[in-house]
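Numbering (our numbering), first residue to last: 31 to 447.
Each residue gets a CB set at the ideal place from its N, CA and C atoms; glycine is no exception.
Everything below concerns the one structure shown next.
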Amino acid sequence: MQTGSPPVRGLTARLGDGSLVDITLTPPGDSGVRVARIDPAASRGVEKSRAQEGWLDLTDHILFGAAAEPHAHLDKALSWSELTPPLGDLRAAIASWDEGVNRFTEDAYVERARRAALMMLGNGYTAIRTHVNAAVADDPTRAVRAIDRVRRELAGLITIQIVFLPASTVTDEVVLAALDAGADMVGGAPHLADDPLADLHRLLDIAEARGVGTDMHIDEFLHGDHLTITAYADRVAAWPADRIRTASHCSRLSTLSVAELADVTDRLAAARVGVVALPITNLYLQGHDGPGRGQRAIAPISALRAGGVTVCAGADNLRDPFNPLGRADPLETAALSVVAAHQSPAGSIDLVTGDVRRVLGLEPAGPAVGARADFLAVRGADTVDVIATAPADRVVIVGGTVVARTETHREIAFACR
Numbered sequence: 031m032q033t034g035s036p037p038v039r040g041l042t043a044r045l046g047d048g049s050l051v052d053i054t055l056t057p058p059g060d061s062g063v064r065v066a067r068i069d070p071a072a073s074r075g076v077e078k079s080r081a082q083e084g085w086l087d088l089t090d091h092i093l094f095g096a097a098a099e100p101h102a103h104l105d106k107a108l109s110w111s112e113l114t115p116p117l118g119d120l121r122a123a124i125a126s127w128d129e130g131v132n133r134f135t136e137d138a139y140v141e142r143a144r145r146a147a148l149m150m151l152g153n154g155y156t157a158i159r160t161h162v163n164a165a166v167a168d169d170p171t172r173a174v175r176a177i178d179r180v181r182r183e184l185a186g187l188i189t190i191q192i193v194f195l196p197a198s199t200v201t202d203e204v205v206l207a208a209l210d211a212g213a214d215m216v217g218g219a220p221h222l223a224d225d226p227l228a229d230l231h232r233l234l235d236i237a238e239a240r241g242v243g244t245d246m247h248i249d250e251f252l253h254g255d256h257l258t259i260t261a262y263a264d265r266v267a268a269w270p271a272d273r274i275r276t277a278s279h280c281s282r283l284s285t286l287s288v289a290e291l292a293d294v295t296d297r298l299a300a301a302r303v304g305v306v307a308l309p310i311t312n313l314y315l316q317g318h319d320g321p322g323r324g325q326r327a328i329a330p331i332s333a334l335r336a337g338g339v340t341v342c343a344g345a346d347n348l349r350d351p352f353n354p355l356g357r358a359d360p361l362e363t364a365a366l367s368v369v370a371a372h373q374s375p376a377g378s379i380d381l382v383t384g385d386v387r388r389v390l391g392l393e394p395a396g397p398a399v400g401a402r403a404d405f406l407a408v409r410g411a412d413t414v415d416v417i418a419t420a421p422a423d424r425v426v427i428v429g430g431t432v433v434a435r436t437e438t439h440r441e442i443a444f445a446c447r
């Protein structure tokens with residue numbers, strides 16, 4: 031871990047319900063630093079907590095488990111200004127990326143990905159799953175190697191999982207080479223292939239042969255009859271329980287009938303497939319025209335959750351041809367989950383913290399006894415306040431150690447009378 035600070039012994043902070051607590055941490059050990067106990071701050075005395083050596087005073091912050099991003103594209107991140115793409119839908123964004131990708135060297139990928147990852151760390155993400163495309167034809171694993179370099183540079187600060195994202199025209203040999211170059215999982219977007227089910231099954235064949243998990247871009251459209259999600263769920267249902275199987279986007283589920291959605295939900299729950307909803311990018315890319323014009327393109331989070339599916343939310347693209355905006359901020363995703371996906375404020379925080387870790391196959395983290403001592407503390411009064419204002423004032427803790435701290439100062443020329 032690239033920090034000279036020792037782990038703290040504990041901290042005082044407010045939980046999402048407003049209660050002020052003292053959180054005592056374990057000493058570093060084989061299983062890392064964990065939450066040993068949680069007590070009401072009044073039982074120790076706030077002043078005593080503040081004065082104790084190695085104790086962190088965050089009494090004016092709301093404390094959450096550290097955030098995780100389930101679906102990034104670090105290879106594309108922050109490329110909008112370099113590529114200057116037109117505004118458009120999914121296929122226009124793909125064409126823009128394919129046209130401009132040849133200009134990026136491995137070092138260029140590293141620089142943008144590192145910058146994006148550090149932005150995310152500063153805002154509270156301590157784990158990222160990123161999809162990475164095949165790069166230029168004569169060096170298709172260039173981007174995978176670059177992201178793997180960033181992963182090794184930031185080890186101990188951010189956990190990065192790499193999913194190789196091949197188009198249907200990318201050969202099996204290239205997919206295998208990407209796994210050898212550092213990719214952890216097999217991805218893809220089979221719904222874009224000429225034969226979606228054939229592409230889905232050839233990618234799953236590779237994953238099974240290598241014994242690795244999958245995270246597929248699934249049915250990222252609003253109207254059509256070529257669903258791949260049921261075939262995906264049925265195929266992975268017999269996989270070992272600890273092998274990751276994730277369905278990202280799932281926009282088409284938002285336009286299914288109640289009966290159709292219930293059937294899909296049952297299959298996903300039975301197969302233990304995690305679903306990643308991606309509000310900001312799908313609101314931008316989908317619903318431009320045709321029968322889906324103006325429709326929301328967000329996976330039906332509440333219905334899936336009610337049916338026993340583990341669902342989380344992510345930000346997806348960051349200032350690239352697929353989304354010109356994005357703050358690399360879990361509170362942005364949480365806010366969109368409230369206003370565009372009708373989640374409660376507390377539920378929206380779960381979507382970007384604990385629920386993500388379950389989808390990513392990571393241990394629990396945050397203010398719970400036995401959990402990893404990875405936290406995001408945001409200055410504010412309560413959960414609604416911090417989601418609404420998304421203040422920059424934050425403290426990010428990994429393994430009991432402060433790895434990022436942001437403080438702001440504001441002056442207003444107004445005198446109260």
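Beta-carbon proximity check, residue i vs residue j, cutoff 8 Å
{"i": "R275", "j": "V303", "result": "yes"}
{"i": "H91", "j": "R44", "result": "yes"}
{"i": "I259", "j": "V294", "result": "yes"}
{"i": "V368", "j": "I417", "result": "yes"}
{"i": "D350", "j": "H103", "result": "yes"}
{"i": "A173", "j": "D245", "result": "no"}
{"i": "G396", "j": "D404", "result": "yes"}
{"i": "A434", "j": "V426", "result": "yes"}
{"i": "A228", "j": "S281", "result": "no"}
{"i": "R232", "j": "V180", "result": "no"}
{"i": "I188", "j": "A147", "result": "yes"}
{"i": "V216", "j": "A237", "result": "yes"}
{"i": "L291", "j": "Y262", "result": "no"}
{"i": "S278", "j": "H439", "result": "no"}
{"i": "L55", "j": "G40", "result": "yes"}
{"i": "D119", "j": "L366", "result": "no"}
{"i": "G338", "j": "A371", "result": "no"}
{"i": "V341", "j": "D385", "result": "yes"}
{"i": "P65", "j": "A407", "result": "The sequence given here has Val at residue 65, not Pro. No, Cβ-Cβ distance for V65 and A407 is not below 8 Å."}
{"i": "A123", "j": "F352", "result": "yes"}
Exposure of residue i, with buried meaning 16 or more beta-carbon neighbours within 10 Å
{"i": "V63", "result": "buried"}
{"i": "G241", "result": "exposed"}
{"i": "R424", "result": "buried"}
{"i": "T42", "result": "buried"}
{"i": "E250", "result": "buried"}
{"i": "V288", "result": "exposed"}
{"i": "T201", "result": "exposed"}
{"i": "G212", "result": "buried"}
{"i": "P220", "result": "buried"}
{"i": "S111", "result": "exposed"}
{"i": "A72", "result": "exposed"}
{"i": "R297", "result": "buried"}
{"i": "G324", "result": "With a pLDDT of only 47 at G324, under the threshold of 50, the placement of this residue in the model should not be trusted, and no figure is reported."}
{"i": "F444", "result": "exposed"}
{"i": "G322", "result": "With a pLDDT of 48 at G322, under the threshold of 50, the modelled position of this residue cannot be trusted, and the question is left open."}
{"i": "I442", "result": "exposed"}
{"i": "D47", "result": "exposed"}
{"i": "G243", "result": "buried"}
{"i": "A301", "result": "buried"}
{"i": "D60", "result": "exposed"}
{"i": "G84", "result": "exposed"}
{"i": "P70", "result": "exposed"}
{"i": "T160", "result": "buried"}
{"i": "V131", "result": "buried"}
{"i": "G254", "result": "exposed"}
Residue-level contact to chain B via CB, residue i, 8 Å cutoff
{"i": "T276", "result": "The displayed structure is made up of one protein chain only, and chain B is not part of it."}
Nearest-angstrom beta carbon gap, residue j and residue i [assumed within contact, 8 Å]
{"i": "G430", "j": "P37", "result": "3 Å"}
{"i": "T363", "j": "P309", "result": "7 Å"}
{"i": "P116", "j": "S126", "result": "7 Å"}
{"i": "A96", "j": "V399", "result": "So it is not a contact: roughly 17 Å between Cβ atoms."}
{"i": "T413", "j": "A422", "result": "About 17 Å separates the two Cβ atoms, so there is no contact after all."}
{"i": "E99", "j": "I158", "result": "5 Å"}
{"i": "L234", "j": "R265", "result": "5 Å"}
{"i": "A329", "j": "L361", "result": "20 Å between Cβ atoms; not a contact."}
{"i": "L195", "j": "G218", "result": "6 Å"}
beta-carbon residue i near the ligand ATP non-hydrogen atom, thresh 7 Å
{"i": "A345", "result": "Among the ligands in the structure shown, none appear at all, so the ligand ATP cannot be discussed."}
Uninterrupted beta strand (DSSP E) stretches inside the segment 337-404 (no shorter than 3 residues): At a cut-off of 3 residues, the continuous stretches assigned as beta strand (DSSP E) that sit fully inside the segment 337-404 are 341-343.
Inter-stretch contact at 8 Å, needing at least 3 Cβ pairs: the segment 119-139 / the segment 371-384: At 8 Å Cβ cutoff, the stretches do not touch.
Inter-stretch contact (C-beta, 8 Å, three-pair minimum) for the segment 159-168 and the segment 199-218: With a cut-off of 8 Å, the segment 199-218 and the segment 159-168 count as touching, because enough Cβ pairs lie within range.
Those runs of the beta strand (DSSP E) which lie wholly inside the segment 184-223 and span at least 3 residues: Correct list: 189-195, 215-218.
Unbroken stretches of the beta strand (DSSP E), 3 residues or longer, contained in the segment 43-111: Taken in chain order, the unbroken stretches of beta strand (DSSP E) that lie wholly in the segment 43-111 and span 3 residues or more are 50-55, 65-70, 85-95, 97-102.
Completely contained alpha helix (DSSP H) runs for the segment 223-305, where each covers 4 or more residues: Considered as a whole, the segment 223-305 harbours 226-240, 259-266, 288-301 as its complete alpha helix (DSSP H) runs of no fewer than 4 residues, in chain order.
Sufficient close CB pairs (3 or more, under 8 Å) joining the segment 150-161 to the segment 172-189: The segment 150-161, when compared against the segment 172-189, does touch it at the 8 Å Cβ threshold.
Contained beta strand (DSSP E) runs [length at least 3] in the segment 119-169, N- to C-terminal order: Within the segment 119-169, the complete beta strand (DSSP E) segments at least 3 residues long are 155-163, listed from N- to C-terminus.
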